[in-house]
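The next block holds one structure in the form of structure tokens; read it before the comments.
Chains as they are written, first to last, in our numbering: chain W, 2 to 948; chain R, 3 to 91.
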């Protein structure tokens, strides 16, 4: 479970900052950091086992039928990456605490950061590739939030969108690739896939899978030609750049290539695609970086270049090259994160990161200069820092590999290293060396300890690894490289490879060339500015804009906001699909016997047809349509009773009554006639669509009713199990409260929410405003009303009916489990009995006698149902499992007690509360519209005078 | 004998429904139409009860009872609407 917990901790931690920001910024940062530290500690506990060569696993079955399991594994590679993510994450949290200004919402920042951290840890710990894909997409989403953190900056928003578009589409490609891979290997578990090298590489689907997966990796790791998004993502706050764009997210693609290395690498396809992409990226990125004036842009392109270097090493396909790649991942994470943080400090203190406006900071910010100096020299590959070690080893590998002509790869690698030296020196020379200037936007000085502590720690690591690589880093490189290659690796890191080593001379050439380039910078700059080159953002926009416009046009055509159009399109599409499906099969006539048509059924059918057509024809007269709808409801209720569905009949009868009252209440605020709005052509068109769809549904219903089911239906199971399984003989009720109790639980919650919404909307209308004015104006137009507001006869009759109706409600509720009835119908009967009082004696009179609030009824209903469900946990049964027993209580006959009855009680209360609250809300509107409530509630003793 | 009586009675109440519909179409006032609908409910109650006797099942009795108890609520609501505008005051 530990691994799942490590992955879950950052997600849980994401909940805290939003709450704790109220306790202050330091408290917020401390708690966020502690969560990360806890995860890091848990990881460290696993480390000894992993370093012994074991693979720690946690397996949780999630959807085993789909091959989707929450399986986690931790090997050397996972340990390295999880350590980087959590360790640097901790430093970033510290750094961000002091970097963000008071006006930045820090709680939001930490929440996003923790979400991202969780997603990254999830990627590197996943054993299941489907789970990995989920985390992969989560990193795209959370990094979108982080890049766009400064919402007020257009560059931030555009950069975030571009990053999401590029990495998101790469993620889509990767999903396809992973599914293919899983299919070839016969499992979605990495631990299985990684053993299937022969099968996978022999498969005809190898190349498509490889290309699709590499698309995902290249977009994420900003490899050529997808490198352009990374510099634009630099609009993010610097802690984000340092975390996502140097140490972690962009390494996710690298991680994936390393993870898949045992099965995908070693083929010519892998070598050509990965090596050349990496090589091109390395050279191009380094070249652009040299000419960038913005400190962060320079570092961004340098990151692109270094990622290219790592990719190239992985592409070579040899175990030795992969080991070097791993070593460089560690080194790059340390010096690049330190550099980003230093750039952030400069920006923070000098209020600019433009190299043309900087210089001389060495004297003003000695601490920052020391940190940045160490890191930049490491980036340039100057001994004795750690960047030098991995660069030497890279050049050594490059010197022994042929890509096309023998000389090509070593030369290009040297050129890449040369540019790398050049931009590193430029970073230092133009930023920190030179004379102190007097035109900084803000007088710079070294920041407080909090801000430079994190980069200083990283710089220390740069020195330690550089001086004593075998003692400080070799064990981790060995563990990770063994995991990548699948065979035990033992790395020997040396400072001195001897005079005959080609790497030495390549390195010397690179350093010399780098100095020369820096010296010639002004002239090179003029040449660079003079040459035209493609602007990535313009190309990207040129591709994305038409796509977005097309999507917008399509959406507008389908969904322009008109309900009529949306329904028409959906109806036509469904009808056409159904017709096509019907025509593409063969059909035989139905075999079931038809029921006889009796005079009553014929008449009822005629009435139904008449009323239905009538509503369509006279729908503009709302009152008459309502009467016709009354006929439809009546016949449908009769039909349910006639066709042996007594439960439905009971429900339909009560629902009809409530509906009529509801409609009439609403009709009070609507014009009695609606004007004719559409043209005749349009009406004919709509009629054709409607008749077509209606005929289709009728045909489908007829076809289904005249045939037997092709497969055994679930009905038989429900009928059989109703008594033994749920303790009731009424299968309809046992389905509602037991078999499908979970659905019912959701439905009553929805019903309650709907009623609360009606209440909220009515409340909004009752507030002073235009709608309220309109309601008041309606009152003035109301004339010629009958005077008798509460007719005596009706008052007496309804009061007499009340106890009778409630008794019937209780009866229907109690018998529901075995005979037609149940909580839903009983709730409606109670509601109708109360509505009668509303209508006869008035709202004021009834409300004065109503002890329980409607809201409370709804809440009590949902809680009761939930309690019935949760109660079964006490007996170790799953949610909503019901049980029942028979009780013999003298002098009563033996009767049954079922927990399902408690659930049904919840349904009852919720229905009652929801119906009454909805009716009540609408009546309140009427009252505000000018109808006075009898101030004196009407009663028999004190009849209402006058009026 | 009861078979014929039931068949006859069912047809009669069916005819009753048609006559209700006739009144509902003719009107002339909304009150006439509401009353026609109310009478339809009465006829449907009769049909349900007769059908229950015909099939020998008591299972639909509650449906008839519920119609009898709540059927008039709709009519009252219509009347209040016509007379006072607002159904609940």
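For glycine and all other residues, C-beta sits at the position ideal for the given N, C-alpha and C.
Contact residues of the region 570-604 of chain W toward chain R are 600, 601 and 604 (C-beta to C-beta distance below 7 angstroms).
Around the beta carbon of residue 62 of chain R, a 10 Å sphere encloses 16 or more other beta carbons of the protein chains shown; the residue is thus reported as buried.
By the Cβ criterion, the region 248-256 of chain W is in contact with the region 331-345 of chain W, since at least three pairs of Cβ atoms, one from each stretch, lie closer than 8 angstroms.
Counting only the Cα atoms, residue 268 of chain W lies some 16 angstroms from residue 196 of chain W.
When the alpha-carbon of residue 70 of chain W is set against those of W/81, W/58, W/76 and W/78, the nearest one is in W/58. Beta-bridge partners of residue 896 of chain W (DSSP): W/888. Contact between the region 578-589 of chain W and the region 601-612 of chain W is absent: fewer than 3 CB-CB pairs across the two stretches fall below 8 angstroms. If you keep only unbroken alpha helix (DSSP H) runs of at least 4 residues inside the region 256-317 of chain W, you get 269-292 and 296-317. Setting aside the 5 residues that flank it on each side, residue 760 of chain W is surrounded in the same chain by 918 and 922, each with a C-beta closer than 6 angstroms to its C-beta; the list follows chain order. Ranking W/161, W/915, W/309 and W/900 by CA distance to the CA of residue 238 of chain W puts W/161 first. Fewer than three Cβ pairs drawn from the region 258-266 of chain W and the region 365-383 of chain W lie within less than 8 angstroms of each other, which leaves the two stretches out of contact. Counting only runs of 4+ residues, the alpha helix (DSSP H) found wholly inside the region 317-394 of chain W occupies 320-351, 362-365 and 367-381, in chain order. For residue 75 of chain W, the secondary structure class from DSSP, reduced to helix, strand or coil, is strand. Apart from sequence neighbours up to five positions away, the residues of its chain that approach residue 223 of chain W with a beta-carbon distance below 7 angstroms are 230, 231, 251, 305 and 308, ordered along the chain. When secondary structure is reduced to three states using DSSP, residue 57 of chain W falls in the strand class.
With a 10 Å radius around the Cβ and a threshold of 16 neighbouring Cβ atoms, residue 7 of chain W comes out buried. Across the structure, residue 808 of chain W and residue 750 of chain W are spaced so that their CA atoms are roughly 26 angstroms apart. Between residue 71 of chain R and the set W/799, W/725, W/861 and W/847, the nearest pair of CA atoms involves W/799. Non-local beta-carbon contacts of residue 831 of chain W in its own chain, meaning distances under 8 angstroms to residues more than five positions away in sequence, involve 806, 807, 810, 909 and 913 in chain order.
For residue 28 of chain W, the closest alpha carbon among the candidates W/293, W/450 and W/98 is that of W/98. Taking the C-beta atoms as reference points, residue 593 of chain W is found no nearer than 8 angstroms to residue 731 of chain W. Here the alpha carbon of residue 11 of chain R sits roughly 15 angstroms from the alpha carbon of residue 603 of chain W. Using a Cβ-Cβ distance cut-off of 8 angstroms, the region 639-654 of chain W and the region 53-68 of chain R are in contact, since at least three pairs of beta carbons, one from each stretch, lie closer than that value. Cβ-Cβ separation between residue 207 of chain W and residue 89 of chain W: approximately 35 angstroms, too far for a contact (criterion under 8 angstroms). For the 8 angstroms CB-CB criterion, residue 19 of chain R and residue 55 of chain R do not form a contact.
Not a single CB atom of chain W sits nearer than 8 angstroms to the CB of residue 48 of chain R. The three-state secondary structure of residue 206 of chain W, taken from DSSP, is coil. Sequence-ordered contacts of the region 647-664 of chain W with chain R read 647, 650, 651, 654, 655, 657, 658, 661 and 662 [C-beta pairs closer than 8 angstroms]. For residue 230 of chain W, the secondary structure class from DSSP, reduced to helix, strand or coil, is helix. With respect to residue 56 of chain W, residue 80 of chain W sits apart: the two C-beta atoms are not nearer than 8 angstroms. Taking C-beta atoms as the reference points, residue 512 of chain W and residue 422 of chain W count as a pair closer than 8 angstroms. Spanning the alpha carbons of residue 228 of chain W and residue 167 of chain W requires a straight line of approximately 10 angstroms.
In the structure shown, residue 819 of chain W adopts coil according to DSSP, grouped into three states. When secondary structure is reduced to three states using DSSP, residue 129 of chain W falls in the strand class. If you look at residue 833 of chain W, you'll find it in the alpha helix (DSSP H) that goes 824-842. Within the DSSP secondary-structure output, residue 69 of chain W pairs in a beta bridge with W/64.
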